[in-house]
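Take 531 as the starting number for the sequence shown in my numbering and just add one per residue.
Every residue gets a Cβ at the ideal spot worked out from N, C-alpha and C, and that includes glycine.
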Amino acid sequence: MNRRNFLGILPAIPSINHLEFAKPPGPMVISTWDFGKVANNQSWKVLSAGGSSLDAVEKGINIIEEDENNQTVGIGGLPDREGHVTLDACIMDHESNCGSVMGLENIVNVISVARKVMEKTPHVILVGDGALQFAVDQGFKKVNLLTPKSEKAWREWLKTSKYEPKMNIENQLYKKDPMPGGPDNHDTIGLIAMDAKGNISGGCSTSGMAYKMRGRVGDSPVIGAGLFVDNEVGAATSTGVGEEVIRCVGSHLVVELMRQGYTPEDACKEAVMRIVKKSPAKSKNIQVGFLALNRKGEYGAYALQKGFSYAVKTSNADIVIPGKYYYQ
Ligand code: SD4
Numbered sequence: 531m532n533r534r535n536f537l538g539i540l541p542a543i544p545s546i547n548h549l550e551f552a553k554p555p556g557p558m559v560i561s562t563w564d565f566g567k568v569a570n571n572q573s574w575k576v577l578s579a580g581g582s583s584l585d586a587v588e589k590g591i592n593i594i595e596e597d598e599n600n601q602t603v604g605i606g607g608l609p610d611r612e613g614h615v616t617l618d619a620c621i622m623d624h625e626s627n628c629g630s631v632m633g634l635e636n637i638v639n640v641i642s643v644a645r646k647v648m649e650k651t652p653h654v655i656l657v658g659d660g661a662l663q664f665a666v667d668q669g670f671k672k673v674n675l676l677t678p679k680s681e682k683a684w685r686e687w688l689k690t691s692k693y694e695p696k697m698n699i700e701n702q703l704y705k706k707d708p709m710p711g712g713p714d715n716h717d718t719i720g721l722i723a724m725d726a727k728g729n730i731s732g733g734c735s736t737s738g739m740a741y742k743m744r745g746r747v748g749d750s751p752v753i754g755a756g757l758f759v760d761n762e763v764g765a766a767t768s769t770g771v772g773e774e775v776i777r778c779v780g781s782h783l784v785v786e787l788m789r790q791g792y793t794p795e796d797a798c799k800e801a802v803m804r805i806v807k808k809s810p811a812k813s814k815n816i817q818v819g820f821l822a823l824n825r826k827g828e829y830g831a832y833a834l835q836k837g838f839s840y841a842v843k844t845s846n847a848d849i850v851i852p853g854k855y856y857y858q
């Protein structure tokens with residue numbers, strides 16, 4: 531206790547000793563939704579070969595970005611209301627370096643562009659045309675991201691043009707089948723990896739809310755909202771209606787709660803409760819889910835609604851877990 535604490539001017543800064551450990555808990559990777567399993571296994575190739583958590587994050591997310599059947603990440607993502615597929619991504623490493631791209635079009639591996647922003651520029655965020663120009667300069671190939679399947683869905687949507695982000699409540703297969711695993715049950719990828727040295731990195735990549743306004747950016751590429759890493763404590767990521775996550779700076783909140791001693795699940799739950807408290811009516815009809823990992827290798831998640839799942843890979847587990855949720 532220092533003098534200021536003693537005098538009661540400032541509250542004592544909570545100790546993080548409870549998160550210290552003698553030996554890193556070993557490599558592990560966690561990620562959002564059922565399809566996170568595929569990403570985790572890709573990340574695992576890096577981690578099990580002694581690679582860094584940062585490389586594991588990038589490679590794991592790349593495979594989802596390249597999957598045309600996934601309509602919420604990378605190529606094949608659902609477009610905005612004008613038919614443009616615009617991608618958002620961010621990445622953060624164990625030294626709190628970070629990079630982000632927002633509203634990037636015609637590039638598949640936007641998490642890799644975010645990493646280049648982090649490593650090759652003096653900036654953290656590049657948006658739109660500037661981000662595209664940078665990506666092309668860095669050697670990324672321009673491609674059409676709007677697949678026939680997503681174009682068809684958009685043209686169908688145009689008939690009513692109603693923006694209803696009731697994701698993962700009505701649309702998803704888990705409603706019929708309580709176990710996650712349906713082909714439509716997928717969304718933004720948020721992935722957190724810990725390497726053999728105990729260093730934590732995270733990434734998040736998405737095409738954002740389907741049929742969003744042109745120019746809209748959600749939480750996913752916003753450091754602190756869609757993703758936050760503090761190697762002293764742990765990391766968190768989010769999925770769902772980004773506007774609500776930004777309003778409570780959700781992932782940063784989760785990490786700070788873990789710093790105060792909350793378990794990952796309790797920290798995620800508390801962040802969800804903030805959303806419930808601030809938006810009691812709206813929160814009933816939308817989905818938001820948080821996922822977190824602490825330095826001890828403990829993980830947990832919590833969502834507003836049923837249907838959020840997350841995938842975990844360690845040396846002896848390769849599983850998908852249904853997340854706990856608030857609205858029963
Ligand atoms: C967004 N959070 O753009 C993203 C979308 C998402 O599950 O995660 N959907 O707001």
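When the Cα of V850 is compared with those of T562, G732, C620, which residue comes out closest?
T562
Answer yes if the segment 800–814 comes into contact with the segment 754–762, meaning at least three C-beta pairs across the two stretches below 8 Å, and no otherwise.
no
Backbone secondary structure at D623 - three-state DSSP
coil
With the cut-off set at 8 Å, would you say G837 and S768 are in Cβ contact?
no
Enumerate, from N- to C-terminal direction, the unbroken beta strand (DSSP E) stretches of 3 or more residues contained entirely within the segment 587–641.
Runs found: 617–622, 628–634.
Of the residues K808, D749, V771, the one placed nearest H782, counting alpha carbons only:
D749
For S573, the nearest candidate out of K843, E786, V763, S839 (CA to CA)
K843
Could you say if the segment 613–629 and the segment 640–658 meet the contact criterion of at least three C-beta pairs nearer than 8 Å?
Yes, the segment 613–629 touches the segment 640–658.
Simplified DSSP assignment, three categories, for I749
Checking the sequence shown, residue 749 turns out to be Asp, not Ile. Residue state, collapsed to three classes: coil.
Beta carbon of D618: closer than 7 Å to some heavy atom of the ligand SD4?
Residue side-chain check: D618 places its Cβ nearer than 7 Å to a non-hydrogen atom of the ligand SD4.
Just verifying my parser: in three-state terms, what is the DSSP assignment at L821?
Here L821 sits in strand by DSSP.
Sequence-distant residues of its chain with Cβ nearer than 6 Å to G728 (five each side left out):
P554
Could you give the distance in angstroms between the alpha-carbon of V866 and the alpha-carbon of S809?
Since the first residue of the chain shown is 531 and the last is 858, residue 866 is not available in this structure.
Residue from L634, P794, Y857 with nearest C-alpha to K826
P794
Quick check on the burial criterion: 16 or more other C-beta atoms within 10 angstroms. Buried or exposed for K567?
buried
Let me check you understand the geometry: is the CB of M743 closer than 7 Å to at least one non-hydrogen atom of the ligand SD4?
no
Please determine whether the Cβ atom of D564 lies at a distance below 7 Å from any heavy atom of the ligand SD4.
no
How about G772 and M739: are their beta carbons less than 8 Å apart?
M739 sits close to G772, with the two beta carbons spaced by under 8 Å.
Restricting to Cα atoms, I'd like to know which of E828, Y840, F664 is closest to E635.
F664
Beta-bridge pairing of I655 - partner residues as DSSP gives them:
DSSP lists S630 as the bridge partner or partners of I655.
Between the segment 586–595 and the segment 646–662, are three or more C-beta pairs nearer than 8 Å?
Not touching, per the Cβ criterion.
Taking all protein chains shown into account, do 16 or more other C-beta atoms lie within 10 angstroms of the C-beta of R789, making it buried, or fewer, making it exposed?
buried
Could you check how far apart the C-beta atoms of V638 and V673 are, in whole angstroms? I think they sit under 8 Å.
For V638 against V673, the beta-carbon gap comes to about 6 Å, under 8 Å, which counts as contact.
In this structure, how does DSSP classify I730 when only helix, strand and coil are distinguished?
strand
At a cut-off of 7 Å, is T736 close to the ligand SD4 when judged by its beta-carbon and the heavy atoms of the ligand?
Yes; taking the cut-off as 7 Å, the Cβ of T736 has a heavy atom of the ligand SD4 nearer than that.
Given A841, which residues of its chain have a CB within under 6 Å of its CB, disregarding the five upstream and five downstream residues?
S561, G566, K567, N570, V850
Where does A579 land, buried or exposed, given buried means 16+ other C-beta within 10 angstroms?
The Cβ neighbour count for A579, taken over all protein chains shown within 10 Å, is under 16; the residue is labelled exposed.
Taking DSSP as the reference, what is the three-state secondary structure of F565?
Correct three-state label for F565: coil.
In whole angstroms, give me the CA-to-CA distance for I722 and L821.
Going by the C-alpha atoms only, they are around 9 Å apart.
Quick one: what's got a C-beta closer than 6 Å to Q858's C-beta in the same chain, skipping five residues either side?
none
Is any non-hydrogen atom of the ligand NAD found closer than 7 Å to the C-beta of M739, if you look at the structure I gave you?
With respect to the ligand NAD, the structure shown offers nothing to examine, as its ligands consist of the ligand SD4.
What span of residues does the beta strand (DSSP E) with I851 cover, start to end?
Looking at the DSSP string, the run of the beta strand (DSSP E) that includes I851 is 847–852.
In terms of residue numbering, what span does the alpha helix (DSSP H) encompassing K860 cover?
This structure cannot speak to residue 860, because the chain is shown only from 531 to 858.
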